């Protein structure tokens with residue numbers, strides 16, 4: 112709870128730094144020519160989009176930890192290295208995404224159509240149970256190097272019959288990184304619908320990831336209670352997709368984007384609390 116408060120406070124406090132940087136051309140080049148208020152609103156909107164679209168990722172991480180029987184005392188280490196990897200991969204994806212938008216105006220329509228397709232797929236396809244040990248990612252990893260099913264403290268590799276083998280800790284880390292890249296295929300275009308300013312996109316994205324990973328142990332327990340949250344994500348993805356497609360002809364104000372995100376998330380949470388689950392899941396034991 113303490114780290115959650117720290118990261119959320121840091122993210123919100125960073126909006127003040129955004130305002131300060133965009134108030135003086137000598138501090139930041141400001142390629143998109145935003146006013147300080149515009150830049151701050153775009154940062155907060157981008158932060159909330161990444162935070163909301165990454166909620167499902169928390170559930171997948173919980174499934175991966177459970178599947179490979181990663182003890183809680185070692186989960187922090189996997190999350191730490193996962194964050195480092197996420198920062199590197201997100202930076203690369205943001206760099207190429209911004210470069211594509213600046214070079215090809217029409218790419219914004221491709222991103223928008225992709226987000227609408229993702230929203231439609233989330234709405235119409237029932238999600239199957241994710242089993243990391245049966246996934247293509249795990250089968251691919253086993254072809255790359257030997258895999259041991261035994262833990263040895265916090266080690267990523269051990270010697271097995273004279274052969275260096277990856278432990279479940281390392282396998283879990285790699286699968287978490289690969290799934291994070293897949294989730295980023297939705298969230299990065301969604302933030303690029305709000306702004307193509309690389310600093311705003313990167314800072315909002317990374318601070319949301321840092322906050323979400325610090326909230327992992329809290330959110331992973333609560334996620335099963337919020338069964339309507341996926342519908343919130345459908346609305347957010349669809350709205351952002353439409354915003355991208357209309358961006359060259361109509362400017363949707365940031366206050367409206369913030370309102371749609373906030374109302375969608377609140378609606379999903381309230382509906383989950385008010386409408387009883389016909390098939391309640393038994394409480395998990397630690």
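Numbering (this note's numbering), first residue to last: 112 to 397. C-beta atoms are modelled at their ideal positions from N, C-alpha and C, and glycine is treated no differently. Only a predicted model underlies this, so the values are computations on that prediction, with no experimental measurement involved.
Own chain, CB closer than 8 Å to residue 246, minus 5 neighbours either side, in chain order: 286
Among 178, 387, 322, 353, nearest to residue 190 - alpha-carbon criterion: 322
Expected contact under 8 Å - CB spacing of residue 255 and residue 349 to nearest Å: Their Cβ separation, rounded to whole angstroms, is 38 Å, which puts residue 255 and residue 349 out of contact at 8 Å.
For residue 346 and residue 386, the rounded distance between their alpha carbons: 19 Å
Residue closest to residue 62, alpha-carbon to alpha-carbon, out of 128, 198, 193: Not covered by the structure: residue 62. The range shown for the chain is 112 to 397.
Beta-bridge partners of residue 201, as assigned by DSSP: According to DSSP, which records beta bridges pairwise, residue 201 is partnered with nothing at all.
Under the three-state DSSP convention, the category residue 267 falls into: coil
Cutoff 6 Å; reference residue 223; Cβ partners in own chain excluding five residues on either side: 352, 355, 356
heavy atom of the ligand MN below 7 Å from residue 389 C-beta: Ligands are entirely absent from the displayed structure, and the ligand MN is therefore not among its contents.
Cβ shell of residue 283 (< 6 Å), same chain only, five flanking positions each side left out: 175, 179, 181, 189
Best match in 384, 389, 314 for proximity to residue 156 [C-alpha to C-alpha]: 314
Minimum length 4: unbroken alpha helix (DSSP H) runs contained in the stretch 298-358: 309-325, 327-333, 340-357
Neighbour-count burial assignment, residue 272, 16 or more Cβ in a 10 Å radius: exposed
Helix, strand or coil at residue 276 according to DSSP, with G and I counted as helix: strand
Identified DSSP bridge partners for residue 258: 277
Given residue 192 as reference, the closest of 164, 267, 165 once Cα atoms are compared: 267
Beta-carbon spacing of residue 307, residue 166 below 8 Å: no
Three-way DSSP call (helix, strand, coil) for residue 361 in this model: coil
Rounded distance between the beta-carbons of residue 160 and residue 301, thought under 8 Å: 5 Å
Beta-carbon contacts of residue 330 that lie in its chain and below 6 Å, excluding the five residues immediately before and after: 169
Validate contact between the stretch 372-386 and the stretch 250-265 using beta carbons, cut 8 Å, 3 pairs: no
Beta carbon of residue 337 nearer than 8 Å to that of residue 380: yes
Whole-angstrom C-beta distance between residue 233 and residue 341, which should lie under 8 Å: 6 Å
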